[in-house]
Amino acid sequence: MARNLRSLHLQPTIITIIVIFSFVLLGKFYSGSVNKVNSYSEEANHENNVHHASTRINENHRVDLPEVDTQEVPHNGRENATFITLARNEELEALLQSIDQVEKRFNKNHHYDWVFFNDNDFTEEFIQRVSERVSGEAKFGKIPDQYWGYPDFIDQKKAADTRERMKDVIYGSSESYRFMCRYESGFFWKHPLMDNYRYYWRVEPDIKFTCDIKDDPFRVLRETGKKYGFTLALYEIPFVVGGLWDATREFMEKYPEYIHPHNAIRFARLDGDDQSYNNCHFWSNFEVADLDFFRSEAYEAYFNHLDRSGGFFYDRWGDAPVHSLAVSLLMDRNDLHWFKDVGYYHPPFQNCPVDPVVRQELNCECPNIPDVDPGSWYNFAFESNSCIMDYYIALGRE
Ligand SMILES: Nc1nc2c(ncn2[C@@H]2O[C@H](COP(=O)(O)OP(=O)(O)OP(=O)(O)O)[C@@H](O)[C@H]2O)c(=O)[nH]1
Ligand SMILES: [Mg+2]
Numbered sequence: 061m062a063r064n065l066r067s068l069h070l071q072p073t074i075i076t077i078i079v080i081f082s083f084v085l086l087g088k089f090y091s092g093s094v095n096k097v098n099s100y101s102e103e104a105n106h107e108n109n110v111h112h113a114s115t116r117i118n119e120n121h122r123v124d125l126p127e128v129d130t131q132e133v134p135h136n137g138r139e140n141a142t143f144i145t146l147a148r149n150e151e152l153e154a155l156l157q158s159i160d161q162v163e164k165r166f167n168k169n170h171h172y173d174w175v176f177f178n179d180n181d182f183t184e185e186f187i188q189r190v191s192e193r194v195s196g197e198a199k200f201g202k203i204p205d206q207y208w209g210y211p212d213f214i215d216q217k218k219a220a221d222t223r224e225r226m227k228d229v230i231y232g233s234s235e236s237y238r239f240m241c242r243y244e245s246g247f248f249w250k251h252p253l254m255d256n257y258r259y260y261w262r263v264e265p266d267i268k269f270t271c272d273i274k275d276d277p278f279r280v281l282r283e284t285g286k287k288y289g290f291t292l293a294l295y296e297i298p299f300v301v302g303g304l305w306d307a308t309r310e311f312m313e314k315y316p317e318y319i320h321p322h323n324a325i326r327f328a329r330l331d332g333d334d335q336s337y338n339n340c341h342f343w344s345n346f347e348v349a350d351l352d353f354f355r356s357e358a359y360e361a362y363f364n365h366l367d368r369s370g371g372f373f374y375d376r377w378g379d380a381p382v383h384s385l386a387v388s389l390l391m392d393r394n395d396l397h398w399f400k401d402v403g404y405y406h407p408p409f410q411n412c413p414v415d416p417v418v419r420q421e422l423n424c425e426c427p428n429i430p431d432v433d434p435g436s437w438y439n440f441a442f443e444s445n446s447c448i449m450d451y452y453i454a455l456g457r458e
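Residue 406 in this note's numbering sits at position 346 of the sequence shown; the count goes up by one each step and never skips.
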């Protein structure tokens, strides 16, 4: 349906009205679950404010196992969850900006932990300044060598040739970008610092949260039983994911037992064409998700299959399309969740609540980005290169 609408060349205003109407209808699917968690917010905030005084960070230099229990029910008002960030020392200022956004809009009321990863040692300055800004406990981990670099089955000459061939595409010539994508695809939950957490929320340097986040997203997932939450969905550059769909189809043939019978793979397929990838993916720079999914045998098998095929190095597969194909294929489609009322901006795209009443209630400051940054949009979900429609189509397919 999305493709047909796009091909009609209707006036943008008419398209926008149709899309808004569709969202109003489809939004009813979600109102039940979101309302369910509304009632908890005030109570949780009160408990957390009380708890805050005794939970300030202290020995951040240590990489000890976290003192978090694994129980499923909230612990002192918090879920068993943490923020996670992969960053370089030189990204400190951009990261502090992101931390301030998260604290101002959400974490000042909750004080969740925050785990930071780096392939190098974090500097003393980084550790100190970050720790001062996080209201929960900040933890710093160095990525083990086996998770950052070339596995022995990769032909490094072929990898170098690929970087040369892709040098005109964004990050196409970068070796570290490929290490990063492979790490985020296959390993971040394997660091001992993550052992006892159930949920994570990924944050990158230089992002913005443009509205208050009143409903704890971790709690939304646990209360609804959902497993993967996103804000933005868009098309990947086809050139960099060449071979990813073929490798995924091989996986489907080899391991049919891991394919969920009620999956959302329609999200990733062209209309009427089961042979091709439409390049849709959930943008993984914002993710709130259940670590048990990434720890599962099914995900491990999928990642290992992709890794062995070499595409992290012989193409430039991002962790976003990898996570997206995995959740679309291996998870029940009802376990996906669009956090449509989370105001979020990672240049150049933005998600902002559609409903003006919600925007007011959440003190949104979503800039009308076209005035500020011509490459951006007020609400990317309505743009023709958003995959939100594909997501809804995938949910509706039986
Ligand atoms: N420690 C470390 N972190 C990295 C490295 N490369 C990227 N990152 C982090 O990995 C995440 C993703 O990298 P980005 O450069 O933002 O990649 P992207 O989101 O695809 O691209 P942008 O549009 O530039 O944001 C960010 O949190 C970066 O800070 C690296 O070589 N070392
Ligand atoms: Mg980024």
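All C-beta atoms, glycine included, are put in the ideal place defined by N, C-alpha and C.
So, residue i versus residue j, is the Cβ gap smaller than 8 Å?
i	j	result
V229	V300	yes
D173	K199	yes
V175	L253	yes
A328	N338	yes
E313	H406	no
M391	H341	no
L152	E244	no
T270	Y404	yes
K262	F346	A quick correction: the sequence has Arg, not Lys, at residue 262. Yes.
F376	Y231	It is worth fixing the name first, because residue 376 is Arg in this sequence and not Phe. Contact flag set, yes.
R165	D266	no
R223	S233	yes
R368	W249	no
L422	D401	yes
Residue i: buried (16+ other C-beta within 10 angstroms of its C-beta) or exposed?
i	result
D352	exposed
A141	buried
H322	exposed
V97	Low confidence applies here, because V97 scores a pLDDT of 25, under 50, leaving its location unreliable; read the following figure in that light. Counting Cβ neighbours within 10 Å, V97 comes out buried, since at least 16 surround it.
F213	exposed
N169	buried
K217	exposed
S158	buried
G371	buried
N64	Because N64 carries a pLDDT of 34, less than 50, the predicted location of this residue cannot be relied on, and no value is offered for it.
G289	buried
K287	buried
When the Cα atoms are used, what is the spatial distance from residue i to residue j?
i	j	result
E184	N149	10 Å
H111	N167	Confidence in H111 is poor, its pLDDT being 25 and thus under 50, which makes the residue's placement unreliable; the coordinate value appears in the next sentence. If I take the Cα positions, the gap works out to 13 Å.
V162	H171	10 Å
F278	E139	6 Å
E283	D395	12 Å
A349	D275	15 Å
E192	F186	10 Å
L366	R419	41 Å
V414	E197	34 Å
E296	A154	25 Å
P427	L156	21 Å
H397	A307	26 Å
V280	A454	21 Å
Give me, in chain order, the residues of the same chain whose beta-carbon lies closer than 6 Å to that of residue i; leave out the 5 immediate sequence neighbours on both sides.
i	result
S344	D379, A380, H383
H251	G201
I203	F177, D179
A219	F373
I144	V175, Y260, R262
For residue i, which residues of its own chain have a beta-carbon under 8 Å away from its beta-carbon, when the five flanking residues on both sides are left out?
i	result
F239	D179, W208, G209
F440	L292, L294, F409, Q410, N411, S446
V417	none
Against chain B, does residue i count as a neighbour if the rule is that its beta carbon must be under 8 Å from one of theirs?
i	result
A324	The question asks about chain B, but that chain is absent: this structure has only one protein chain.
Between residue i and the rest of its own chain, which residues show a CB-CB distance below 7 Å, the 5 nearest in sequence each way excluded?
i	result
S114	Because the pLDDT at S114 is just 24, under 50, the model does not fix this residue reliably, and the value given afterwards should be weighed accordingly. So the list is empty, once near-sequence residues are dropped.
E425	T270
F311	Y362, H365
I117	Low local confidence applies: a pLDDT of 26 at I117 is under 50, so the model's placement there is unreliable, with the coordinate-based value given in what follows. Only S191, V194, E197, A198 meet the Cβ criterion.
Handout entry: Every unbroken beta strand (DSSP E) inside the stretch 274-315 [3 residues or more]
Key = 288-290, 293-295
Handout entry: Entirely enclosed alpha helix (DSSP H) segments - the stretch 199-243, minimum 4 residues
Key = 216-225
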